[in-house]
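Residues in the sequence shown are numbered from 53 upward in steps of one, following my numbering.
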Amino acid sequence: RCPHCGTPIRPGARFCRTCHRPLTGVPPPLPPSQQPGRFGTGDLLPLTILAGRYVILEKIAQGGMGAVYKAQDRRLQGKIVAVKEMSESAIAPAERKRVLASFQREAELLARLEHPNLARVTDRFQEGERHYMVMEFIEGRTLQDLLEGRTEPFPEEQVLAWAEQLCDVLSFLHSQKPKIIYRDVKPANVMVVDDSDEIKLIDFGIARFFKPGKRKDTIEFGTDGYAPPEQYGKSQTDERADVYALGAMLHQLLTLRDPATDPFRFPRVRSLNPKVSRRVEAAIAKAVKPNKDKRHQSIEEMRVALLGDEATKRRRAPAKKKKKKPARPTRPSAVPPSVPGQLVLTPASLDFGPVLVGGDAPDRSAVVTFPAGERATLSTDVPWLHVHPRSVSKSGKRVTLTLDTVRLKPGRLSLGGTWLKRWAGWHTRLLVPVAQEQHGHVEVQLKSGQSRRAPVSLTAVPQRWQVYAGWTGTVLAMLVEAITALLILATIIGALF
């Protein structure tokens, strides 16, 4: 296991895949009883409020030294954000200063950088021994997630679409004064936004500023297979380190070969995937040269090698931002015009956002537009949603949607992993509530038979006392079971002896 964060490691690995720390020349791991804060992060319950404004909804990721939560910003009309947590107690004392400095550096970098392929940091703060960073929430999956379980390489066209954006954002970082070298391009750090090909580069924990004249990096960081030789402390890393890592990742996407299996050795791409063009194969082969002087000397040079004549035509300068969908539909500002022969419900969908089970929730409204002479009847298909009035005879009439929050049903917590978690999971699945998305519809029916259905969604969030009660019941049930098992064991032993 990694002596810094406890993550299981592959034999012969030089770096930890979770915390990126080097595994050479480090003190032996502490015994479990002395390991610092193994449970010091990732334990915030739903509805916990941080900094007086961020309401925790659910945990979405857990690492060796930190966690990421989905949260709601009460000061920005319930905007959904991601809150990244780093706990001092989860870091070995010898590494604490450097790891926290890495966390602070990531926050500072992303707070001042603005690019469509970067997740924007909007706030950072500290509560006790825990440090927090508030970021743009991204609905999507990492390239690592997409690789898992895949049996065929990604199509070249798809990989080039991602590569173009990565070249764009890395070129942006390298153009800063001083240059910012990312140093950790890998599938786990590239997020693909849902329902699009847009990517976001995440996790700037080991990014650094390039210092002219410096002969080598002070600290070794990286990920086996993607880190070039110079990143192992042999010389100072520059933009060519990012060229190497990008080449290694593109090689993996096009061949499904994990570069960590044999670092610094890359078979020709076409020997593993003949569908790849010779141009792309040559560009990647040059990018992963062990000698940095033989690689592409800049990301721009690599872009041209990958895309050929299309590089100039397709280059986004400046990169265009995609229009973001609002977190939730807003109240229509005016009654939409009636379209002859058509039934229209505006808005076409409604999202109530996070709603507390049994709590107060604001009503929403919608406008029903239909041809003259018709009459509309409205209904819902879920017990927690009501519409008033249920019958409308005039086009352009506004109707009100009301939630019966008492009838909302949160989900149940499912645990897995160690035997202790699996044991607890038998009880949490029955007793411990968690936030859960719920969906329903409003249906509008005209006399003529024409109808429309508008989807309605929300996230049912349990009351805090319900969560505490569930955990209390779980602990008590486990104690009773443990005591009962001991009594049975004692009885059996007594009967035998």
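Where a beta carbon is used, it is the ideal one built from N, C-alpha and C, also for glycine. Please read all numbers here as calculations on a predicted model, not as lab measurements.
Skipping 5 residues on each side, what residues in its chain have a beta carbon closer than 7 Å to that of P389?
In this prediction, P389 has a pLDDT of 42, which is less than 50 and means its spatial position is unreliable; nothing more can be read from the coordinates.
When we look at the beta-carbon of L455 and count the other beta-carbons within 10 Å, is it buried (16 or more) or exposed?
buried
To which residues does DSSP link L397 through a beta bridge?
V420
Helix, strand or coil at T429 [DSSP, three-state]
strand
Assuming the contact rule is C-beta atoms closer than 8 Å, A171 and M185 should be a hit. Round their C-beta distance to whole Å, please.
Not confirmed; about 10 Å, so no contact.
What's the C-alpha gap between R368 and A512?
Residue confidence is low: R368 scores 47 on pLDDT, short of 50, so the model does not pin down where it sits. Its coordinate-derived value is still stated next. C-alpha separation (whole angstroms): 41 Å.
When the distance is taken between beta carbons, is A357 closer than 8 Å to H348?
yes
Just list the residues that DSSP pairs E110 with in beta bridges.
K122
Is the region 189 to 206 touching the region 243 to 251, taking contact as three or more C-beta pairs under 8 Å?
yes
Please name the residue or residues paired with R464 in a DSSP beta bridge.
P485
Between V496 and the rest of its own chain, which residues show a CB-CB distance below 7 Å, the 5 nearest in sequence each way excluded?
L395, L397, V420, A428, L430, S503 and R504
For D403, which three-state DSSP category applies?
strand
Assigned exposure category for T382 - 16 Cβ within 10 Å defines buried
Confidence in T382 is poor, its pLDDT being 39 and thus under 50, which makes the residue's placement too unreliable to answer from.
For a test of the three-state rule: what should DSSP assign to P281, helix, strand or coil?
helix
Flag this pair as touching only if the region 463 to 478 and the region 433 to 444 have three or more C-beta atom pairs under 8 Å; answer yes or no.
no
Residues sharing a beta bridge with D255, DSSP
None; D255 has no bridge partner.
Between the region 401 to 411 and the region 469 to 478, do three or more beta carbon pairs fall short of 8 Å?
no
Give the DSSP-derived three-state secondary structure of G469 in the structure shown.
coil
Hey, would you say A534 sits closer than 8 Å to H479, going by beta carbons?
no
Are there 16 or more other CB atoms within 10 angstroms of the CB of S223, so buried, or fewer, so exposed?
buried
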